[in-house]
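To start, the structure itself, in structure tokens.
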Amino acid sequence: MKNQEIAKILYEIADLLEIEGVEFKPRAYRKAAQNIESLSVEIEELYEEGKLEKIPGVGKSIAGKIKEYIETGKVKKLDELRKKIPIDIESLSNVEGLGPKMIKTLYEKLGVKNINDLEKVAREGKIRELKGFGERIEKKIIENIEIARTRKHRFLLGFVLPEAYAIIDEIKPYVKKIDLAGSIRRRKETIGDIDILAVSNNVEKVMNVFTGMKRVEKVLAKGITKSSIRLKSGVQVDLRVVEKESFGSALQYFTGSKEHNVELRKIAIKKGYKLNEYGLFKGEERIAGENEKEVYKALGMQWIPPELRENRGEVEASLSNKLPKIVECEDVKGDLQMHTKWSDGANTIEEMLEKAIEIGHKFIAITDHGGSLKIAGGMDKKKLIEQRKEIERLRDKFNEIHVFHGIEVNIKKDGNLDVEKSVLKEVDVVLASIHSAFRMDEKEMTSRLIKAIENEYVDIIAHPTCRIIQKREPIKLDMEKVLEKARDNNVIMEINAYPDRLDLNDINTKKAVDIGVKLSIGTDAHNKEHLQFYEFGVAVARRGWAEKKNVINTYTIKELEKLFSK
């Protein structure tokens, strides 16, 4: 998928420009990269139609570089920057806590060009000697190098899933059945590779189509029933073609998880059966296998949704017929976090509304940044009142969707909000979130968040643990204590659906469900294409055992109005 390749190039240009000391341009490149990552169409199509500059954040200069890459496979500007600054940005950026400014210092003072150089100078105690670093930061860098190495070959669900579906669409005309398996089917937040299972009468044709796709960088193996490829995006894809009679059992087996499958095999053995990828057998007789649901039924179990198959109690719940009816995408009526041109978004409110209607939403909340977050264009009271007038005008224009006027405010270090009460009174819904001072200890951070929860104007705590997957670890919190306070104060906890956040994660979502905390799903969209991210929030909710009643995005507009008027 060239979208990901081009986004990666723009991110690298942004980082190298920042290291070079260039102002403003790095942010423009990053914004363009984010918007390209979330495109719902292939960027080559926009190139062929002459519409590259229609992508939010892509002006003439960046469009020229995209055109250059599509036509030549290279970008002259990037090559020049790499010669000038010979740093392996990708490997160093994977180390949590290392931003462009820190990388620049390490390069200039210690000659660090890659992760191996970084580890060497850290273990030699040279980093602690630099001004502004110290022993604590040096130790943390060593820890984070190990973490970066273990997660190197995992990809974000949100960026892999669209490509997986695109591959299935290419193969579908030549198969009778096809489905995803593995961790991607279970909707884990990061994916090692893509597993696909299919049934076909023309296996040779299927394998030829699969290995001959334009998106393939290298064919790793090509066999009669299994082939493996590496995509240009770096992801490995394995395709297995199985017999029709075994499709259900193969789907169950290759979906996993390993721990879940171990429990199922134990149940099969107790019943005198044998369970494997070919079917469920009683002696030599296959008693189930063509359909996945019949495999579970033959074991005396409810069918278990793939998202729950982690051996976290789902097997016992299935055996006693007590599985929750987990929320589905179709239950979601709207999106409760997004940003527009009024702060740091790429689209107008009207454009966001039009896209939300196209998706099928019945409501959205416009939650532009307020207060002191100047880098995100935080709005003051005057600007907020102007925005309110625009929203009221658009409410009259768009009868088919309701717009909640919201705001995302920053939680300061002491737990107070950075927006005065008179501003908070002007909006329908208040999201509060932490955007700075991430390294407080657990006790201080817990107190900080609880103080915000106890603020009478706060409706939703957004991205509660502040993590960025593979980039920033979660803040330290006593999560049970935080969730109990949220429940007691009728404050909602967000599942932020942005692909590199997914925050709350599935584990904390399950804790919230058990404690009785209401959940919201917000895409944190910064352009209209990001609105499609809501399905990743639903995936987290499902993995966290959340039912329709637990997620306020399934509520009616009247129910939400009542909830937000506490």
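Residues in the sequence shown are numbered consecutively from 9, following my numbering. From the three backbone atoms N, C-alpha and C, an ideal C-beta is built for every residue, glycine too. Only a predicted model underlies this, so the values are computations on that prediction, with no experimental measurement involved.
Tell me where the beta strand (DSSP E) around residue i begins and ends.
i, result
"A206", "201-207"
"D87", "Where D87 is concerned, there is no enclosing beta strand (DSSP E), although the alpha helix (DSSP H) it sits in stretches over 84-92."
"G545", "Premise fails: G545 lies in the alpha helix (DSSP H), 542-551, not in any beta strand (DSSP E)."
"G287", "287-290"
"Q244", "244-249"
"R294", "293-296"
"L512", "Premise fails: L512 is in no beta strand (DSSP E) and is neither H nor E."
"E26", "First-last for E26: 10-28, but that is the alpha helix (DSSP H), not the beta strand (DSSP E)."
"I503", "500-504"
"G190", "Counting along the chain, G190 falls outside any beta strand (DSSP E), though it belongs to the alpha helix (DSSP H) covering 190-193."
"G530", "527-530"
"K429", "No beta strand (DSSP E) holds K429; the alpha helix (DSSP H) holding it covers 429-432."
"L283", "282-284"
Spatial neighbours of residue i within its chain, please: C-beta separation below 7 Å, excluding the five flanking residues on both sides.
i, result
"Q12", "E45, F167, S241"
"T562", "V335, D339, V340, K341, K556"
"I357", "T348, I374, E398, I399, L402"
"Y286", "S254, S257, G297"
"F544", "L165, G166, A505, P507, L510"
Identify, in the order they occur along the chain, each residue of the same chain with its Cβ nearer than 6 Å to the Cβ of residue i, setting aside the five sequence neighbours on each side.
i, result
"I74", "I14, L60"
"H410", "F371, I565"
"L114", "V120"
"A325", "L331"
"A22", "P34, Y37, R38"
"N102", "A156"
"A174", "none"
"L54", "L60"
"I70", "A40"
"I468", "L439, I500, E502, S528"
"E318", "S265"
"K290", "Y281"
"L485", "M453, T454"
Looking at the strands, I want to know which residues DSSP matches up with residue i.
i, result
"V49", "According to DSSP, V49 bridges with nothing at all."
"K185", "V207"
"G414", "V437"
"V224", "L239"
"T473", "In DSSP, T473 forms no bridge with anything."
"H377", "E416"
"T198", "L164"
"L307", "Looking at the DSSP assignment, L307 forms no beta bridge with any residue, so it has no partner."
"E57", "Its beta-bridge partners do not exist; DSSP assigns none."
"R144", "DSSP lists no partner for R144."
"A230", "In the sequence on display, residue 230 carries Lys and not Ala. In DSSP, K230 forms a bridge with S235."
"N577", "Because the chain is modelled from 9 through 574, residue 577 falls outside the range shown and cannot be assessed."
"A494", "In DSSP, A494 forms no bridge with anything."
"F371", "G342, H410"
"R480", "I476"
"E6", "The chain is shown only over 9 to 574; residue 6 falls outside these bounds and no answer can be derived."
For residue i, does the count of other Cβ atoms within 10 angstroms reach 16, so buried, or fall short, so exposed?
i, result
"H161", "exposed"
"E116", "exposed"
"A229", "exposed"
"D508", "buried"
"R447", "exposed"
"E293", "exposed"
"G140", "exposed"
"D404", "exposed"
"D514", "buried"
"I422", "Residue identity differs from the one stated: residue 422 is Asp in this sequence, not Ile. D422 is exposed by the Cβ-count criterion."
"R195", "buried"
"K536", "buried"
Which residues bound the alpha helix (DSSP H) around residue i?
i, result
"V273", "Sequence inspection shows Arg at residue 273; the Val mentioned does not correspond to that position. Counting along the chain, the alpha helix (DSSP H) containing R273 begins and ends at 266-278."
"I458", "450-461"
"L392", "389-405"
"S101", "97-101"
"S326", "322-327"
"N124", "123-131"
"Q260", "255-263"
"G72", "68-80"
"Y465", "No alpha helix (DSSP H) contains Y465, which DSSP labels as neither H nor E."
Given residue i, which residues of its chain have a CB within under 8 Å of its CB, disregarding the five upstream and five downstream residues?
i, result
"K389", "E428, S430, V431, E434"
"V207", "V183, K184, K185, I186, V249, V250, E251, K252, F255"
"N210", "Y182"
"K305", "A296, W311"
"I204", "A172, I175, I176, I179, I186, D187, L188, A189, V245, D246, L247, R248"
Regarding residue i and the ligand COA, is the C-beta to nearest heavy atom distance less than 7 Å?
i, result
"N329", "In the structure on display, the ligand COA does not appear, and there are no ligands present to speak of."
Contact between the region 263-283 and the region 211-230 is defined here as three or more beta-carbon pairs at a separation below 8 Å; is this criterion met? no
Are there three or more Cβ pairs, one per stretch, closer than 8 Å when the region 332-339 is compared with the region 538-555? yes
Is the region 449-457 close to the region 486-499, with three or more CB pairs under 8 Å? yes
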